[in-house]
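Read through the structure below, which is laid out as structure tokens, and then see the notes.
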Amino acid sequence: MEVIRRASHAGSWYTDNPRKLEEELDGWLNAAGLPKSSDVRGVIAPHAGYSYSGRAAAYAFGNIDPTNISRVFLLGPSHHYYTPKCALSTATVYKTPIGDLPIDQEVIEELKATGKFELMDLRVDEAEHSMEMHLPYLAKVFKGHQVKVVPILVGALNAESEAKYGKLLAKYIDDPKNFFSVSSDFCHWGTRFNYTHYDNKHGAIYKSIEALDKMGMDIIETGDPDSFKKYLLEFENTICGRHPIGVFLHMTKNCSTKIKIQFLRYEQSSQCKTMRESSVSYASAAAKVDGE
């Protein structure tokens, strides 16, 4: 039986007009001007409304060579629903205004059989934006290619759980037909986010935020999940996809394929100069097979 997850944020977080959406995505992808590479096996990309993060996200999705990929694992944080585990979608198809993405039931069953995952209610699925904001880009990049998605909602995992899920999912990286789309924004700064870390040695507030984010990005690029955990504990940077990123770092550490993560773009929604202001940061990275 077909169970449809509607494009519940279309018309608000991004346009629900197919022609306009295609034009926007094309514009951003062309502006990023990145070469497609079959070595790119995963991305870290933001998930804010497209007017904020659409341009930055193109620097992740623009790298993808869709030719040999037949499955995309989506790892997104949970914003509204609490779970200490990872949850699988109960839908059979994810709709987007520019084409639908079928869910890989076979892999969902395989993951279900491990007993480590819970199932998310369709209402929870549709309320969550972290994976949906990647879908139009995926539908665009994989247009004309047979691709299925495996959506995994990553809950509030502790360090042990991140490692456990990373080990469990690592084998999927070794199959070059699989691709990984990891959803995260970076620093959410301001009193409305209860986060106002400021180191005045960097000058303006937005420069301090950038230095803090760049430190985190550099650590992610080392591929070491423990260093990333330490950084988060020390600075409490409000990176909302820290758990999906943590799981992905454990995956790359435990698979046989050598993967190197590289950030290609960094932006902020606005440049904070006073404590009354607020901003969210967006960073895009590509995870490539390291041929060294």
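FYI, the numbering for the sequence shown is 1 to 292, going by full-length UniProt numbering.
Using N, Cα and C, we set each Cβ at its ideal position, and we do this for glycine too.
Could you check what DSSP says for LEU75 in three-state terms: helix, strand or coil? Taken through DSSP and simplified to helix, strand or coil, LEU75 comes out as strand.
Return the first residue and the last residue of the beta strand (DSSP E) that ARG41 is part of. Segment 40 to 45, the beta strand (DSSP E) holding ARG41.
Indicate whether ILE64 and VAL40 have their beta-carbon atoms separated by less than 8 Å. For the pair ILE64 and VAL40, the CB atoms are nearer than the 8 Å cut-off.
Range covered by the beta strand (DSSP E) that runs through SER279: Here the beta strand (DSSP E) through SER279 covers 279 to 289.
Can you name, in chain order, every residue of its own chain whose Cβ lies under 6 Å from the Cβ of SER208, other than the five neighbours on each side? Around SER208: TYR198, ASP199 and HIS202.
Just how far apart, CA to CA, sit TYR231 and HIS134? Each residue's Cα considered, the two are about 26 Å apart.
Would the beta-carbon of LEU34 fall within 8 Å of that of TYR59? At the C-beta level, LEU34 and TYR59 come within 8 Å of one another.
Using a Cβ-Cβ cut-off of 6 Å (strictly less than) and excluding sequence neighbours within five positions of TYR165, which residues of its own chain qualify? CYS86 and VAL247.
Counted within 10 angstroms of its Cβ, other Cβ atoms place ARG265 as buried (16 or more) or exposed: ARG265 should be labelled buried.
Kindly provide the ranges of any alpha helix (DSSP H) runs that are 4 or more residues long and lie completely inside the segment 127 to 160, ordered along the chain. DSSP assignment within the segment 127 to 160 yields the following whole alpha helix (DSSP H) runs of 4 residues or more, N-terminal first: 135 to 141.
What distance in whole Å lies between the Cβ atoms of PRO46 and ALA56, which are believed to be in contact at a cut-off of 8 Å? PRO46 and ALA56 do touch by the CB rule: their CB atoms are close to 6 Å apart, below 8 Å.
Minimum length 3: unbroken beta strand (DSSP E) runs contained in the segment 172 to 252: Those beta strand (DSSP E) runs which fall completely within the segment 172 to 252 and span 3+ residues are 178 to 183.
Rounded to the nearest angstrom, how far is the Cβ of PRO136 from that of ASP16, given a contact under 8 Å? No, PRO136 and ASP16 are not in contact; Cβ-Cβ is about 10 Å, not under 8 Å.
For the ligand NAP, is there any heavy atom lying closer than 7 Å to the beta carbon of LYS207? Here there are no bound small molecules, and the ligand NAP is not part of this structure.
With 16 other CB atoms within 10 Å as the buried threshold, where does ASP185 fall? Classification of ASP185: buried, given that the 10 Å Cβ count is 16 or more.
Tell me the DSSP bridge mates of TYR266? Answer is ALA283, bridged to TYR266.
Among LYS36, SER38, PRO102 and ILE69, nearest to ARG5 - alpha-carbon criterion: Checked all of LYS36, SER38, PRO102 and ILE69; the closest Cα to ARG5 is PRO102.
Kindly indicate which three-state DSSP category residue 299 falls into: helix, strand or coil? The requested residue 299 is not part of the displayed model; the chain covers only 1 to 292.
Secondary structure of LYS260, DSSP reduced to three states: Strand, per DSSP.
Using the three-state DSSP reduction, which class does GLU2 fall into: helix, strand or coil? Coil at GLU2, not helix or strand.
Using alpha carbons as the reference points, say which of ASN237, THR222 and LEU233 lies closest to ALA211. Shortest Cα-Cα distance from ALA211 to any of ASN237, THR222 and LEU233 involves ASN237.
In three-state terms, what does DSSP make of TYR14? Residue state for TYR14 is assigned as strand, using DSSP reduced to three classes.
Assuming VAL72 and VAL107 are in contact, meaning their beta carbons sit under 8 Å apart, how far apart are those beta carbons, in whole angstroms? That pair is no contact at about 11 Å.
Alpha helix (DSSP H) segment containing ALA60, residue limits: DSSP places ALA60 inside the alpha helix (DSSP H), whose first and last residues are 50 to 61.
On the DSSP bridge assignment, give the partners of VAL93 in chain order. The partner list for VAL93 (beta bridge, DSSP) reads ILE4 and PRO102.
Could you name the residues of the same chain whose beta carbon sits closer than 7 Å to that of LEU153, not counting the 5 residues immediately before and after it, in chain order? Excluding residues within five positions, the ones whose Cβ falls inside 7 Å are GLY76, SER78, CYS86, ALA87, MET120 and GLU128.
For LEU21, which three-state DSSP category applies? Helix, per DSSP.
Output yes or no for whether 8 Å exceeds the beta carbon distance between TRP189 and SER278. Yes, the pair counts as a contact, with Cβ atoms nearer than the cut-off.
Tell me which same chain residues have a C-beta within less than 7 Å of the C-beta of LEU244, skipping the five on either side of it? Checking the sequence, you will find Pro at residue 244 rather than Leu. Once the five neighbours on either side are set aside, the close Cβ partners of PRO244 are LEU75, GLY76, PRO77, VAL154, VAL182, SER183 and SER184.
Residues near LYS167 in its chain [Cβ-Cβ closer than 7 Å; skip 5 each side]: Result list for LYS167: HIS250 and ASN254, in chain order.
Which partner residues does GLU118 have in the DSSP bridge list? Answer is ALA87, bridged to GLU118.
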